[in-house]
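Chemist: The sequence shown begins at 1341 in my numbering and counts up by one.
No residue lacks a Cβ here, since even glycine has one placed at the ideal position from N, Cα and C.
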Amino acid sequence: TDGAGGSGVNRVTDDYGAIVGGLGNRAGSDNGVPDDAPFAAVLGGTGNRAEGANSVVLGGADNRASGPFSFAAGRRARAQHAGSFVWADTLDEDFGSVRDNEFRVRAGGGATFQLGGASKSVSLRATGNRLIDTSVNAFLSLGGTWTNACDRALKDNFEPVDGRVVLDQLARVPILTWNYKSEDTRIRHMGPMAQDFFGTFGVGYDDTSITTVDANGVALAAIKGLHQIVKEQDARLTVQQQQLTQLQSQLAALQARVEALEAAAKAGPK
């Protein structure tokens, strides 16, 4: 018997099917109708079933490719829908497609996509506090927040920013509510237009997008500018309060002198 408890014989039950190797594999539906799952193929492994028309099991153990044009590989992968691609790791549990034309992967050790060169990659792996990790140090946390790379060692060409100037510039940028054309009109957002933002601050890639690091930077700079203004106003108010206290003291002294003079006048000459 094969690893899935079936016969150890490889069987092709439908037209134009093929099995390259392995043990206890089947290509075809095995329902007595030889033309309803043609062109099914199993390349190897044990206990695998390519049961849909034009379906393929690459190898592994106890996999099922039952949807037409489906693909399964690994261990206990279940490509049950048309056009589905299911890849399962060594975990001893069924892992199946849930809709047509789906790409579905179970990879307990994570998945990495290398883009262009070895230094450019994106990894999907629940390790530490990171769910999606990148070679540029940006990541999506397990809590669902996106974290940008912000290490000083990654930056160059530093220039100071005048927060009060940024605050004045920000005051002239229109802030609107709106919806994306690709979303329902009930889904509202709030923010500036990239054209206004780029034209005012000149940061980011172009005038059709706003990066979160730039939006945050402008907001923080404006807050610092506002803080400077408030501190200056506080200082002026402190001076004015001191001056007012001094004037009140002088007024009280003058009032006391006036009252003394009035009292002396009423008493008459001695």
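(1) Does the Cβ of residue 1600 have 16 or more other Cβ atoms within 10 Å, making it buried, or fewer, making it exposed?
(2) Which word fits residue 1518, buried or exposed, when buried means at least 16 other C-beta atoms lie within 10 angstroms of its C-beta?
(3) DSSP on residue 1341, reduced to helix/strand/coil?
(4) If you drop the 5 nearest sequence neighbours on each side, which residues of the same chain put their C-beta closer than 8 Å to that of residue 1515?
(5) For the alpha helix (DSSP H) containing residue 1589, list its first residue and its last residue.
(6) Does the beta-carbon distance from residue 1422 to residue 1403 come in below 8 Å?
(7) Run through the DSSP bridge pairs and tell me what residue 1436 is partnered with.
(8) At a cut of 8 Å, does the stretch 1478–1486 reach the stretch 1539–1548 through at least three beta carbon pairs?
(9) Measuring only the C-alpha atoms, how far is residue 1524 from residue 1349?
(10) Helix, strand or coil for residue 1425? Go by DSSP, reduced to three states.
(11) If the criterion is Cβ atoms closer than 8 Å, does the pair residue 1366 and residue 1389 meet it?
(12) Kindly list the residues whose CB is nearer than 6 Å to the CB of residue 1436, restricted to its own chain and excluding five residues on each side of it in sequence; keep chain order.
Modeler: So, to answer that:
(1) exposed
(2) exposed
(3) Since pLDDT at residue 1341 reaches only 38, below the 50 mark, its modelled position is unreliable, and the value read off the structure follows with that caveat. Residue 1341: coil per DSSP, three-state reduction.
(4) 1530, 1531 and 1532
(5) 1552–1607
(6) no
(7) 1418
(8) no
(9) 55 Å
(10) strand
(11) yes
(12) 1418 and 1420
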